[in-house]
Amino acid sequence: MLPAALPHPPLPLLVTGIAGVAGYNAFLHFRSLYPGRVIGVRRVDNWPLRGPGIAACDLHDHDALCRLFDRYRFAAILNCEGTCKLKSCELDPWLAWRVNVIGVQNLLEVIDRTDVRLIHLSVDLVYSGDTNRPTGYQEDDPPDPVTIYGKTMVQAERLILAERSDACILRISLPMGKSFNGHAGAIDWIESRFRKGKPVTLLHDEIRTPTFIECLNRVFQAVLVNRMSGVFHAGGPRRLSLYQIGEILQRRGRFDSKLLIGCYRDGYAPVPPRAGNVTMDSSRLAAALGYRPFAAWPEDQVGAGSRE
């Protein structure tokens, strides 16, 4: 059963990575609940993202991060930072390492010997999806990423688990919500292509467990206020391929069906490599929270041939 209300999280709260879908929507959610007590961080070069409560700070800049903490004295961190552009990470591994690993290392150093609550977002792409797991990956399954992005996310997890035993790592899938620029997330990128009459090629055999952003925000709040620690999977209950997600958006927006093109990984461009079925079993998270946190995509939005 969904809890009627949740206690307040530790404040002030820092939300990093607000250029992404998860971070942006979490920032808006918590900012609306606790005006003036929530700060969102975006990278210095992302100047279009600005407004009340938004600070420019690169997490890989240790000195800048120290100044940010000296100013606000955060009691909790929701770390949504990460560069997830798969091709860019493959072509520039140092970029991926700097953002996804050094940023986490700096956060850990800044909050060392404090009781700051740390929630870190990882991702389902720490797995290859090449093995048959009928119920989805569980938290104890060893990571085997196929991309530089996934490998750096695994390294970030290991740093946190080694140095911050009280931290909570949430492995998310695709967060289904809007981004600040209208094309940074899976949904709004696909829809932006459809609106412009441009084709979208999506994989039949990359399968995810996406979540509604509203459900994810409630999970963030619940985890911030309790003492859950370690790794938890935070994927939705319905498995969807990238192509199926495209079908849903095409039907919902009544876009031209000819714009949606399906293909398989073996016919896809070699860079970046693509994961397969990386669906996750999130029953551990549900047990810890005491309720099933994620709503399934309504069946009437999923084509008859796509239903489980």
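The opening residue of the sequence shown carries number 679 in our numbering; numbering runs sequentially from there.
For each residue, glycine too, the CB sits at the ideal point set by N, CA and C.
Every value quoted in this text rests on a predicted model; they were computed, and no experiment measured them.
If you count every other CB in all the chains shown that lies within 10 Å of the CB of HIS707, and 16 or more means buried, which is it? Looking at its Cβ environment, which holds 16 or more other Cβ atoms inside 10 Å, HIS707 is buried.
Terminal residues of the alpha helix (DSSP H) in which ARG745 lies: Element bounds for ARG745: 740-750.
For ILE885, which residues in the same chain have their Cβ closer than 6 Å to its Cβ, ignoring the five residues on either side in sequence? Cβ within range, chain order: ARG917, SER919, ASN955 and THR957.
Under a Cβ-count criterion, where at least 16 other Cβ atoms within 10 Å of its own Cβ denotes burial, should TYR683 be classed as buried or exposed? The sequence given here has Ala at residue 683, not Tyr. Exposed, by the Cβ-count rule.
Assigned secondary structure, VAL719 (DSSP; H/G/I helix, E/B strand, else coil): In the structure shown, VAL719 falls within a strand segment according to DSSP collapsed to helix, strand and coil.
Alpha helix (DSSP H) runs wholly inside the region 913-966, at least 4 long, in chain order: List check, alpha helix (DSSP H) in window: 920-931.
From the DSSP output, in three-state form, read off TYR702 for me. Here TYR702 sits in helix by DSSP.
Spell out a yes or no on whether the region 687-694 and the region 707-721 are touching, meaning 3 or more CB-CB pairs, one atom from each, closer than 8 Å. In short, these stretches touch, since the Cβ pair count reaches three.
From VAL949 to ARG749, what does the alpha carbon distance come to, in whole angstroms? Using only the alpha carbons, I get a separation of about 42 Å.
Best match in ALA973, VAL901 and VAL878 for proximity to MET854 [C-alpha to C-alpha]: Looking from the CA of MET854, the closest CA among ALA973, VAL901 and VAL878 belongs to ALA973.
Is it buried or exposed, ASP959, if we count other Cβ atoms within 10 angstroms and call 16 or more buried? With 16 or more Cβ atoms within 10 Å of its Cβ, ASP959 is classed as buried.
Counting pairs of beta carbons, one from the region 727-745 and one from the region 894-906, are three or more of them closer than 8 Å? Touching, no, given that fewer than three Cβ pairs across the two stretches are closer than 8 Å.
Taking buried to mean at least 16 other C-beta atoms within 10 Å of its own C-beta, is TRP775 buried or exposed? Under this definition TRP775 is a buried residue.
Whole angstroms are fine: how far does the CA of ASN810 sit from the CA of HIS798? Approximately 27 Å between the Cα atoms of the pair.
Count the other CB atoms, across all protein chains shown, that sit within 10 Å of the CB of LYS759; report buried if there are 16 or more and exposed otherwise. Before going on, a small fix: residue 759 reads as Glu here, not Lys. GLU759 should be labelled buried.
Same chain, Cβ closer than 6 Å to ARG652, five either side skipped, listed in chain order: This structure leaves residue 652 out entirely; the chain is present only between 679 and 986.
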